[in-house]
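Chains as they are written, first to last, in my numbering: chain A, 2 to 316; chain B, 2 to 316.
Even for Gly, the Cβ is constructed at its ideal location relative to N, Cα and C.
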């Protein structure tokens, strides 16, 4: 029998990316096509099926070797039922996606939330390769996360495990409102949105900073200014890093993971972000809970979602 | 073949308790005997073996039906190796306890830390029965914990998962030093020690309270005063409950357990403690992370350790 292959679908609002992976999580073929959300539910699902068949064919492998197909979807997903409850940017709300794709493709299909899937990809075949227990932070518009236990995604009671952006870390007197309804969540300070907000606030109140010359504020502009020694930018970066590290100390004493992986757009900042994260984690975590624990950047970039989706059917 | 039985040993500094459990975690026979720590390592281990054989015999079951023997030991335990690294109150430091007991008894022996084992007992056969994912807090001299995932104990990278007493919850300006080297840990406020400290502080600084008449301060005295409406005692109880709930919100967004179980001596306080815990958790946790989640008292009391030790060999 030939080697099994695992198909991963990263379903975005514009593009569907399909990856063909071997059992080690290596991408052996990839293909992209338009999602065509304007076509509606049936068109989007048929596109996924079409690109999947095409990817397998072009990869030179056999359809019989497909061990399973996984898809990562932005939105609220009932994983056990394979049902998309709500997907703001795709015409898939209230759709039994797993069932429809299984009928179209004749293979086991597993769907999950896109943040979970990206975390699984990094853990399986990226920065967490070979590590049984790791925790992935994704720093983007918000702060997402994923918990990997014994190599698999840990979902919790209702699939909400790994909502790391909503660990309350900011003291009450400095806490601002979070979209989740609470105050002081990690996401309010350590996401791109949080970093931009702090920078805009600083400029508006007249802090002396090179940031005041920035036309459209971005997290990248803040990191760039910090790298050039701008003190206001440095303070913002250090604040984002401090609270991220503080949340990690909670994760460390609760779950004792071996590795923290930090991905998402913000993580591209490099040492200027990772150094204060590591320093604060070392300072704030009880010694036994940080013994042998490391903090590393994600390495798969945008491929993490596709590879992680493939990994959903690994066992 | 007869029903399998599982033996659990709760090894204390004074007494060894041995329980014989059926596969549902029900205690079908129990026996106690002196530990005799003065006799040294060999005597203590021989006593465990002797009581274990005796308990099985007196239970009316066959030695052949023993599926495994588990032991909970206070101290630092290398679970994978079955090796006790440090046990302050028992002559077992640096001892390969698993190996020695297996030689004596000819059965699989699994050892673990006593707090983990008590958590497993509650989850398996107590307040967590039938719940796949639960988190157990043990409020005693310190605050311990245990994480149960899919019915089994989750140990983490180095066996340190569930160190819930060291979640940092108290804001810096009010935080005091914890034994772990950090500040503001849950244990500094929500343990019996923390509650007694707050009460002693209140009396010493002259707060008007019935507690000023208490000769030897205990957590129970504080709860009793709170039940009678003493405002100082109520404030202390509410502070302990608030920070406990705050730590639970972190656990909820990280792990999304279905149930929190609260045990240990302090949990005997009942509604005066559980009501503010539940109120604060509802107030502080994002809605999705608390949807369907409950907070219940432990029910096995001192038997949890014995039963949980028996459960160590369940799979």
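Exercise for the section: Could you work out which residue in 51(A), 5(A), 118(A) and 302(A) is closest to residue 62(A) when comparing CA atoms only? Expected result: Taking the first chain and counting its residues from 1, one reaches residue 62(A) at position 61. Measuring from the Cα of residue 62(A), the nearest candidate turns out to be 5(A).
Problem - Listed by chain order, chain A residues near residue 161(B) by CB distance under 7 angstroms - result: Translated into the one-based positions of the second chain, residue 161(B) becomes position 160. The contacting residues are 257, 289 and 290.
Practice task
Return the chain-ordered ranges of every alpha helix (DSSP H) run that is complete within the region 140-173 of chain B and spans a minimum of 4 residues.
Solution key: none
Exercise for the section: Output the distance between the C-alpha atoms of residue 185(B) and residue 202(B), rounded to the nearest integer angstrom. Expected result: Position 184 of the second chain, counted from the first residue, corresponds to residue 185(B). Position 201 of the second chain, counted from the first residue, corresponds to residue 202(B). Answer to the nearest angstrom: the Cα atoms are 17 angstroms apart.
Exercise for the section: Please confirm if residue 78(B) has its CB atom under 8 angstroms from at least one CB of chain A. Expected result: Within the second chain, the letter at position 77 stands for residue 78(B). Judged by the 8 angstroms Cβ criterion, residue 78(B) is not in contact with chain A.
Handout entry: For residue 208(A), the residue or residues it bridges with in DSSP
Key = One-based indexing of the first chain puts residue 208(A) at position 207. Answer is none; residue 208(A) lacks a bridge partner.
Problem - Contact the region 110-118 of chain A vs the region 277-292 of chain A: 3+ CB pairs below 8 angstroms - result: Counting Cβ pairs under 8 angstroms, fewer than three are found: no touch.
Exercise for the section: Figure out for me which residue from 296(B), 219(B) and 208(B) has the closest Cα to the Cα of residue 275(B). Expected result: The sequence position of residue 275(B) within the second chain is 274, counting from 1. The shortest Cα separation from residue 275(B) among 296(B), 219(B) and 208(B) belongs to 296(B).
Exercise for the section: Reducing DSSP to helix, strand and coil, say where residue 114(B) ends up. Expected result: Position 113 of the second chain, counting from 1, holds the residue named residue 114(B). Residue 114(B): strand per DSSP, three-state reduction.
Problem - Pick from 229(B), 85(B) and 286(B) that is closest to residue 180(A), judged by C-alpha positions - result: The residue you call residue 180(A) lines up with position 179 of the first chain. Closest option to residue 180(A), Cα to Cα, is 286(B).
Practice task
Using a Cβ cut-off of 8 angstroms (strictly closer), state whether residue 58(A) contacts chain B.
Solution key: The sequence position of residue 58(A) within the first chain is 57, counting from 1. Taking 8 angstroms as the threshold, the shortest C-beta distance from residue 58(A) to chain B does not fall below it.
Practice task
Compare the C-beta of residue 172(A) with all C-beta atoms of chain E and state if any pair is closer than 8 angstroms.
Solution key: In the displayed structure, chain E is absent; the protein chains listed are A and B.
Practice task
Answer with yes or no whether the minimum CB distance from residue 165(B) to chain A is below 8 angstroms.
Solution key: Within the second chain, residue 165(B) is the residue found at index 164, counting from 1. So yes, residue 165(B) belongs to the interface.
Handout entry: Environment of residue 58(B) [buried if 16+ CB atoms lie within 10 Å]
Key = One-based indexing of the second chain puts residue 58(B) at position 57. Residue burial is scored here from C-beta neighbours: residue 58(B) has fewer than 16 other C-beta atoms within 10 angstroms and is therefore classed as exposed.
Handout entry: chain B contact for residue 118(A) (CB, 8 angstroms cutoff)
Key = Position 117 of the first chain, counted from the start, is the residue given in the question as residue 118(A). So, not an interface residue.
Handout entry: Cβ contact (3+ pairs, closer than 8 angstroms) linking the region 129-149 of chain B and the region 84-102 of chain B
Key = no
Handout entry: Distance, residue 143(A) Cα to residue 188(A) Cα
Key = Here residue 188(A) refers to the residue found at position 187 of the first chain. Here residue 143(A) refers to the residue found at position 142 of the first chain. The alpha-carbon of residue 188(A) is positioned some 6 angstroms away from that of residue 143(A).
Practice task
Report the neighbours of residue 55(A) on chain B: residues whose CB is nearer than 8 angstroms to its CB, in chain order.
Solution key: Counted from its first residue, the first chain places residue 55(A) at position 54. The premise fails here: residue 55(A) is roughly 37 angstroms from chain B at the closest Cβ pair, so nothing lies under 8 angstroms.
Handout entry: chain A contacts from the region 180-197 of chain B (Cβ-Cβ distance under 7 angstroms)
Key = 181, 182 and 183
Practice task
Could you tell me whether the Cβ atoms of residue 258(A) and residue 157(B) are closer together than 8 angstroms?
Solution key: As a first step, residue 258(A) must be located in the first chain, where it is residue number 257. As a first step, residue 157(B) must be located in the second chain, where it is residue number 156. Taking 8 angstroms as the Cβ cut-off, residue 258(A) and residue 157(B) qualify as a contacting pair.
Practice task
Give me the Cα-Cα distance between residue 43(A) and residue 311(A), rounded to the nearest whole angstrom.
Solution key: Sequence index remark: in the first chain, residue 43(A) carries index 42 (1-based). Sequence index remark: in the first chain, residue 311(A) carries index 310 (1-based). When rounded, the distance between both Cα atoms is 22 angstroms.
Handout entry: Sequence ranges, alpha helix (DSSP H) only - wholly within the region 22-107 of chain A, length at least 4
Key = 42-60 and 98-106
Exercise for the section: Taking all protein chains shown into account, decide if residue 279(A) is buried (16 or more other Cβ within 10 angstroms of its Cβ) or exposed. Expected result: The residue given as residue 279(A) occupies position 278 in the first chain. Flag for residue 279(A) reads buried.
Problem - residue 300(A) to residue 264(A) span [Cα, whole Å] - result: Within the first chain, numbered from 1, the residue matching residue 300(A) stands at position 299. Within the first chain, numbered from 1, the residue matching residue 264(A) stands at position 263. Each residue's Cα considered, the two are about 8 angstroms apart.
Exercise for the section: Compare the C-beta of residue 250(A) with all C-beta atoms of chain B and state if any pair is closer than 8 angstroms. Expected result: Counting from 1 along the first chain, the entry for residue 250(A) is found at position 249. It does; some Cβ of chain B falls within 8 angstroms.
Exercise for the section: Check whether the Cβ atoms of residue 83(A) and residue 49(A) lie closer than 8 angstroms to each other. Expected result: The residue you call residue 83(A) lines up with position 82 of the first chain. The residue you call residue 49(A) lines up with position 48 of the first chain. Their beta carbons are not under 8 angstroms apart, which means residue 83(A) does not touch residue 49(A) by this criterion.
Exercise for the section: Would you verify that the beta carbon of residue 95(A) is, or is not, closer than 8 angstroms to some beta carbon of chain B? Expected result: For this step, residue 95(A) is matched to residue 94 along the first chain. No, its Cβ sits nowhere closer than 8 angstroms to a Cβ of chain B.
Exercise for the section: State the DSSP-derived secondary structure class of residue 285(A), mapped to helix, strand or coil. Expected result: The count along the first chain starts at 1 and reaches residue 285(A) at position 284. Here residue 285(A) sits in helix by DSSP.
Exercise for the section: Indicate whether at least one CB of chain B lies closer than 8 angstroms to the CB of residue 168(A). Expected result: Here residue 168(A) refers to the residue found at position 167 when the first chain is read from its first residue. Judged by the 8 angstroms Cβ criterion, residue 168(A) is in contact with chain B.
Practice task
Measure from the alpha carbon of residue 304(B) to the alpha carbon of each residue in 284(B), 127(B), 273(B) and 268(B), then state which is nearest.
Solution key: On the second chain, position 303 is the one that residue 304(B) refers to. For residue 304(B), the nearest C-alpha among the options comes from 127(B).
Problem - CA-to-CA distance, residue 182(A) to residue 168(A), given in whole angstroms - result: Within the first chain, the letter at position 167 stands for residue 168(A). Within the first chain, the letter at position 181 stands for residue 182(A). Taking the straight line from one Cα to the other gives about 12 angstroms.
Problem - Beta-carbon gap between residue 308(A) and residue 64(A) smaller than 8 angstroms - result: Working through the first chain from its first residue, we reach residue 308(A) at position 307. Working through the first chain from its first residue, we reach residue 64(A) at position 63. Cβ atoms of residue 308(A) and residue 64(A): not closer than 8 angstroms.
Exercise for the section: Please confirm whether residue 164(A) and residue 254(B) have their CB atoms less than 8 angstroms apart. Expected result: Against the first chain, residue 164(A) aligns to sequence position 163. Against the second chain, residue 254(B) aligns to sequence position 253. Contact flag set, yes.
Exercise for the section: Inspect the beta-carbon positions of residue 148(A) and residue 129(A) and report whether they are closer than 8 angstroms. Expected result: Stepping through the first chain from its first residue, residue 148(A) is reached at position 147. Stepping through the first chain from its first residue, residue 129(A) is reached at position 128. No; because the gap between Cβ atoms is not below 8 angstroms, this pair is not in contact.
Handout entry: Host beta strand (DSSP E) of residue 309(B) (start-end)
Key = As a working mapping, residue 309(B) is identified with position 308 in the second chain. Looking at the DSSP string, residue 309(B) is not in any beta strand (DSSP E); the run it does join, the alpha helix (DSSP H), is 305-312.
Handout entry: Residue closest to residue 217(A), alpha-carbon to alpha-carbon, out of 227(A), 204(A) and 229(A)
Key = Within the first chain, residue 217(A) is the residue found at index 216, counting from 1. Comparing Cα-Cα distances from residue 217(A) to each of 227(A), 204(A) and 229(A), the minimum goes to 204(A).
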